[in-house]
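**Student:** In my numbering, the protein residues as written are 5 to 144.
Beta carbons: idealized from backbone N, C-alpha and C, even for Gly.
Note that this is a predicted model, so its numbers are computed, not measured.
Dropping a structure here in structure tokens format, bear with me for questions.
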């Protein structure tokens with residue numbers, strides 16, 4: 005990961021306040037999963053990268069990660085491309101879709117489609133995003 009240092013932002017993110025390894029281990033224990041120490045470290049590093057990367061191509065690669073926390077952080081990252089966000093808006097996990105909706109780079113046409121999502125939190129996020137867009141446009 006050292007060679008990627010220049011690709012990282014220097015912004016402090018909400019997840020930086022926590023030990024990602026502990027969060028992953030605790031969550032997996034709740035769901036009855038056992039994760040090896042090596043796997044735990046790998047997931048924590050990928051999650052950190054998803055929060056901090058500014059390289060669009062690397063974020064696109066991380067968006068295909070099997071780990072939901074990584075995909076959710078890619079969806080939240082302001083440097084994530086519109087194309088990657090379109091893919092994340094179709095993710096199987098509602099948390100990823102909800103986060104992708106709230107990203108400023110998500111295309112509005114796709115957010116209108118999310119008003120018909122099967123999960124209430126996703127529909128609510130789409131409504132909030134569209135309301136905020138209307139307020140922003142009316143203030144211009």
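1. Just mark residue 115 as buried or exposed, buried being the case when its beta carbon has 16 or more other beta carbons within 10 Å.
2. List the whole-angstrom C-beta distance separating residue 140 from residue 109, where the pair is believed to meet the contact cut-off of C-beta under 8 Å.
3. Determine the direct distance from the alpha carbon of residue 107 to that of residue 123, and round the result to whole angstroms.
4. Nearest to residue 70 by CA position, among 79, 39, 83 and 47, is which residue?
5. Let me know if residue 41 comes out buried or exposed under the rule of 16 or more other beta-carbons within 10 Å of its beta-carbon.
6. Closer than 7 Å by C-beta to residue 6: which residues in its own chain qualify, once you throw out the five before and the five after it? Chain order, please.
7. Which whole-angstrom value describes the C-beta separation of residue 121 and residue 101, a residue pair presumed to lie in contact below a C-beta threshold of 8 Å?
8. Please report the distance separating the alpha-carbon of residue 26 from that of residue 50.
9. Are the Cβ atoms of residue 67 and residue 92 separated by less than 8 Å?
10. Would you mind working out which of 136, 56, 135 and 105 sits nearest residue 126, comparing C-alpha positions?
11. When burial is assigned at 16 or more other CB atoms within 10 Å of the CB, is residue 82 buried or exposed?
**Tutor:** This is what the structure holds:
1. Numbered from 1 along the chain shown, position 111 holds the residue referred to as residue 115. So residue 115 counts as buried.
2. Your numbering for residue 140 matches position 136 in the chain shown. Your numbering for residue 109 matches position 105 in the chain shown. Actually they are not in contact, since the Cβ atoms of residue 140 and residue 109 sit about 14 Å apart, beyond 8 Å.
3. For the purposes of this step, residue 123 is taken as the residue at position 119 of the chain shown. For the purposes of this step, residue 107 is taken as the residue at position 103 of the chain shown. Approximately 18 Å, taken between the alpha carbons.
4. Taking the chain shown and counting its residues from 1, the one referred to as residue 70 is at position 66. That would be 47, whose Cα lies nearest to the Cα of residue 70.
5. Locating residue 41 in the chain shown gives position 37, counting from the first residue. Counting Cβ neighbours within 10 Å, residue 41 comes out exposed, since fewer than 16 surround it.
6. The residue labelled residue 6 in the question sits at position 2 within the chain shown. With a pLDDT of 46 at residue 6, under the threshold of 50, the predicted position of this residue should be treated as unreliable, and no value is reported.
7. Position 117 of the chain shown, counting from 1, holds the residue named residue 121. Position 97 of the chain shown, counting from 1, holds the residue named residue 101. Confirmed, about 7 Å.
8. Counting from one through the chain shown, the residue named residue 26 turns up at place 22. Counting from one through the chain shown, the residue named residue 50 turns up at place 46. Residue 26 and residue 50: Cα-Cα distance of roughly 14 Å.
9. For this step, residue 67 is matched to residue 63 along the chain shown. For this step, residue 92 is matched to residue 88 along the chain shown. For residue 67 and residue 92, yes; Cβs fall inside 8 Å.
10. Here residue 126 refers to the residue found at position 122 when the chain shown is read from its first residue. Closest option to residue 126, Cα to Cα, is 105.
11. The residue given as residue 82 occupies position 78 in the chain shown. Classification of residue 82: exposed, given that the 10 Å Cβ count is below 16.
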